[in-house]
Each structure stands twice: as structure tokens, then as C-alpha cells.
Amino acid sequence: MLLTPAFYFASAPLFVVFVDGLRVAKVRWPLVASSVLAVRPFHNALLAVYSLYVAFFTLSKLSCSHRADVLTNGLFPLVCVASPGSPALWYASKLWEWLDTAFLIFAGREPGILHLFHHASTAPLVALHLSRRTIPTPLFDVGTLLNGGVHVLMYAYYLFPDGMRPVKRYITLAQIVQHVIVIVLTVAALAWPGCDAPPSVYASSLALYSGYLVLFLRFYHYRYDAKKEQ
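So the mapping is simple: this note's numbering equals the position in the sequence shown, first residue as 1, plus 212.
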């Protein structure tokens, strides 16, 4: 089911239904909510370790398949030349991350626009990539590498919030830098002729990551800069 176009169209509205269902469950079945919250540390630890594995796996893959080309021909091979394989389990983990929303709601915190947009949009995008295999280039691997690295920090913070509180601001900065890098490389892919993936693929990724960047900058301003001014 995860590999079909039908899931691509269904996953965003399914996430909306999922969120509404969580709100109902919190009120009607508080014991269920408490039980789910009990597994939160295990969830965070598992995703931190898995994200680290994905980051190292993707780095190794890029190093083996494109290091020589990049050293000889610059960034063009890294952005435009087809790359074998795709981290399907990494895509599926985007559904697993929906549990983050459950933890927030069951803990009595309402998820913000950034959180909701991120989880509602990422799952259908990667489902589309899997079903159509429309992104064969290592540019998507670069995004996976950066995302995996950031998720190691993010889930480590969720696991040890008190100990890592001093670096919380820098984790958000790392997320912003991640999106800037992907946007710059995606613009380069649109500008370079001869890329293996169709322009529509890069354009959709550019639109999505631009939305992420705007929301993360907004989050950073209100969470850190605005508090400093007060």
C-alpha cells in the first residue's frame, strides 16, 4: 500500500483524520494516551539510532558511487546523475514519525503549523517518489543524508531534553541550514541542462523545501529572537 499512487493522494488527508482521532482518544481513553506516552523514550531512542544508521549508509553510498565523479566534474554528478537504489525504509519512517504528533497531543500540547505541515506533506511526497521512482539522482540522497543527521540531533534532544537544552537553538539552525542547502542544489538542478530527473520533480521539491524554510525561519524568530527582545 505504501508504494501505490493511491497512498500518495490519501496520506495527507489521512494525517488530518489521524490528528483529529488523537484529540478524541485523549479525551475518551486517557489510559490509552498514558500507555502511548510511556513508550516515548523508546521511540526517540530508536529513531535517533535509525537516523544515524541512515546518515552513515547514505554517506557511504554517495562516497562509493559518486566520489570520483564529483572530484572530476564538480557538483553536477551529485545533483543530476542517476544513483542506484533508494532508502525505502527511510521513506516509511516518515509515517512512523507521525507518533511524534500523538506524543504532543497526548501530553496536552497542541502541535503548531510547522509540525502539522511537515508531517502532512513529507509522507505523501516520499510515497510518490517510491511509487513512481521519479527521483533517481543523488540529490535526493543528499537530502536524506542531511535529514538523517539532523534527526539524530533532534531525537537525541527529545530523549535528553534537560541535558541538551543549551544546544536546542543550534538544532533548529541545523534544520534551517539543511533546507537552504537542498534549495540551492535544487535550483542548480533546474538550471543545469541534462539532469536525469524531470524538472517537475525538482520544482515540487523546491516548493516543498521553500515552505519548510519559511516556517522554520518563522519558528526560529518567535522561539529565540522574539524571546531575547522581551
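Glycine is no exception: its CB is placed at the ideal position from the N, C-alpha and C atoms.
*Do Ala332 and Phe227 have their CB atoms nearer than 7 Å?*
yes
*Would you call the CB atoms of Asn256 and Tyr382 closer than 7 Å?*
no
*Would you please state the rounded distance, in angstroms, between the beta carbons of Leu358 and Leu290? I believe it to be under 8 Å.*
Going by Cβ atoms, the distance from Leu358 to Leu290 rounds to 13 Å, so no, they are not a contact pair.
*Taking just the CA atoms, how far does Arg240 sit from Phe269?*
Distance between the alpha carbons of Phe269 and Arg240: 43 Å.
*Which residues in the same chain have their Cβ closer than 7 Å to the Cβ of Leu311, if we skip the five residues on either side of it in sequence?*
His255
*Return the chain-ordered list of same chain residues with a C-beta closer than 7 Å to the C-beta of Leu429, the five sequence neighbours on each side being excluded.*
Ile388
_Pairwise C-alpha distance: Ala419 and Ile317_ = 28 Å
*The alpha helix (DSSP H) spanning Asp312 covers which residue range?*
310–318
*asked:* So the candidates are Leu307, Leu328, Leu264; which of them puts its Cα closest to the Cα of Thr356?
replied: Leu264
*Buried or exposed by the 16-neighbour rule on C-beta atoms within 10 Å, applied to Val396*: exposed
*Leaving out five residues on either side along the sequence, give the residues of the same chain with a beta carbon under 8 Å from the beta carbon of Ala415.*
Leu402
_Taking only three categories from DSSP, how would you classify Leu287?_
In the structure shown, Leu287 adopts coil according to DSSP, grouped into three states.
*Are Val248 and Ala314 closer than 7 Å when you measure CB to CB?*
yes
*State the DSSP-derived secondary structure class of Pro323, mapped to helix, strand or coil.*
coil
*Give the range of the alpha helix (DSSP H) segment to which Tyr424 is assigned.*
Residues 411–432.
*Tell me whether Asp353 is buried or exposed, calling it buried when 16 or more other Cβ atoms sit within 10 Å of its Cβ.*
buried
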